[in-house]
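**Q**
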Amino acid sequence: NAGVMQNPRHLVRRRGQEARLRCSPMKGHSHVYWYRQLPEEGLKFMVYLQKENIIDESGMPKERFSAEFPKEGPSILRIQQVVRGDSAAYFCASSLPGQAGVRDEKLFFGSGTQLSVL
Amino acid sequence: EDKVVQSPLSLVVHEGDTVTLNCSYEVTNFRSLLWYKQEKKAPTFLFMLTSSGIEKKSGRLSSILDKKELFSILNITATQTGDSAVYLCAVGVETSGSRLTFGEGTQLTVNP
Chain A
371 NAGVMQNPRH LVRRRGQEAR LRCSPMKGHS HVYWYRQLPE EGLKFMVYLQ
421 KENIIDESGM PKERFSAEFP KEGPSILRIQ QVVRGDSAAY FCASSLPGQA
471 GVRDEKLFFG SGTQLSVL
Chain B
22 EDKVVQSPLS LVVHEGDTVT LNCSYEVTNF RSLLWYKQEK KAPTFLFMLT
72 SSGIEKKSGR LSSILDKKEL FSILNITATQ TGDSAVYLCA VGVETSGSRL
122 TFGEGTQLTV NP
């Protein structure tokens, strides 16, 4: 059973370009989360999605950042017009939907995408 | 704002030593506390704690939660060089989905 797959592992962009980060959740997982990790800092929540729905985007910057999780295919985190401050490791995690109305908080993380903005 | 604080931020020990990592939290509507180990890549799940006083154990690692004092500890006995990693503490709250608030982590280095 493959784990959470993220690609690319490393992404280099120049200021002003667009970055697209992809995440395929574990098989059977329908909940996807994106976290950002700046150097020497902990993981910061960005967005939580289910298939075709954004459930919680309270951690997303208001501009330039967007996320989707289509019915088919991976989840995409898109950063438009990147700036140097966007340089970070972006982690995707997935979880099971939970049973009997109880959410499953055990997240399984991918290996991350290291975004470097020149 | 939810807050998770880990201490120490870094720790250097010798193989065979026992270490205790600390995690304190201030959150609204606490639901669970989780520990993850992060080596160079993906954080990997260690424990999830929801009830006070019940120790979770896996090999040389163990963890316990105190919901009254709002903290948790992670113990590692007989440390090995392979235990070197960043240990992350995270708290889940009663909101939509499984959003976790992470601490900054403790960088553990185990020297031979």
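Chains as they are written, first to last, in my numbering: chain A, 371 to 488; chain B, 22 to 133.
Backbone N, C-alpha and C fix where the C-beta goes; we use that ideal spot for every residue, glycine too.
Regarding residue 33/B and the ligand GDP, is the C-beta to nearest heavy atom distance less than 7 Å?
**A** Ligands in the displayed structure: none, and consequently the ligand GDP is not present.
**Q** Determine, for residue 489/A, whether the minimum Cβ-Cβ distance to residues of chain B falls below 8 Å.
**A** Within the shown structure, residues of chain A are numbered from 371 to 488, placing residue 489/A beyond reach of any answer.
**Q** Pull up the distance between the alpha-carbon of residue 93/B and that of residue 54/B, whole angstroms please.
**A** Sequence index remark: in the second sequence, residue 93/B carries index 72 (1-based). Sequence index remark: in the second sequence, residue 54/B carries index 33 (1-based). The straight-line gap from Cα to Cα measures roughly 8 Å.
**Q** Can you name the residues of chain A whose CB is closer than 7 Å to the CB of residue 62/B?
**A** Mapped onto the second sequence, residue 62/B falls at position 41. The contacting residues are 481, 482.
**Q** Taking its Cβ as the centre, do 16 or more other Cβ atoms sit within 10 Å of residue 469/A, making it buried, or is it exposed?
**A** Indexing the first sequence from 1 puts residue 469/A at position 99. With a pLDDT of 48 at residue 469/A, under the threshold of 50, the modelled position of this residue cannot be trusted; read the value that follows with caution. Counting Cβ neighbours within 10 Å, residue 469/A comes out exposed, since fewer than 16 surround it.
**Q** Put residue 102/B into one of helix, strand or coil per three-state DSSP.
**A** Taking the first residue of the second sequence as 1, we reach residue 102/B at position 81. When secondary structure is reduced to three states using DSSP, residue 102/B falls in the helix class.
**Q** Would you check if the stretch 401-412 of chain A and the stretch 43-50 of chain B touch, i.e. whether three or more CB-CB distances between them fall below 8 Å?
**A** No: fewer than three Cβ pairs fall under 8 Å.
**Q** Give the interface partners of residue 125/B over in chain A, defined as CB-CB distance under 8 Å, in chain order.
**A** In the second sequence, counting from the first residue as 1, residue 125/B sits at position 104. Chain A residues near residue 125/B: 410, 411, 412.
**Q** Tell me whether the beta-carbon of residue 126/B lies closer than 8 Å to the beta-carbon of residue 107/B.
**A** Within the second sequence, residue 126/B is the residue found at index 105, counting from 1. Within the second sequence, residue 107/B is the residue found at index 86, counting from 1. For residue 126/B and residue 107/B, yes; Cβs fall inside 8 Å.
**Q** Got a sec: is the Cβ-Cβ distance from residue 66/B to anything in chain C below 8 Å?
**A** No chain C appears in this structure, whose protein chains are A and B.
**Q** Pull up the CB-CB distance for residue 419/A and residue 483/A, whole angstroms please, since I reckon it's below 8 Å.
**A** Taking the first residue of the first sequence as 1, we reach residue 419/A at position 49. Taking the first residue of the first sequence as 1, we reach residue 483/A at position 113. Contact flag wrong, Cβ pair sits at about 16 Å.
**Q** Going by Cα to Cα distance, which pick from 465/A, 488/A, 438/A, 389/A is closest to residue 423/A?
**A** Against the first sequence, residue 423/A aligns to sequence position 53. Ranking the options by Cα distance to residue 423/A, first place goes to 438/A.
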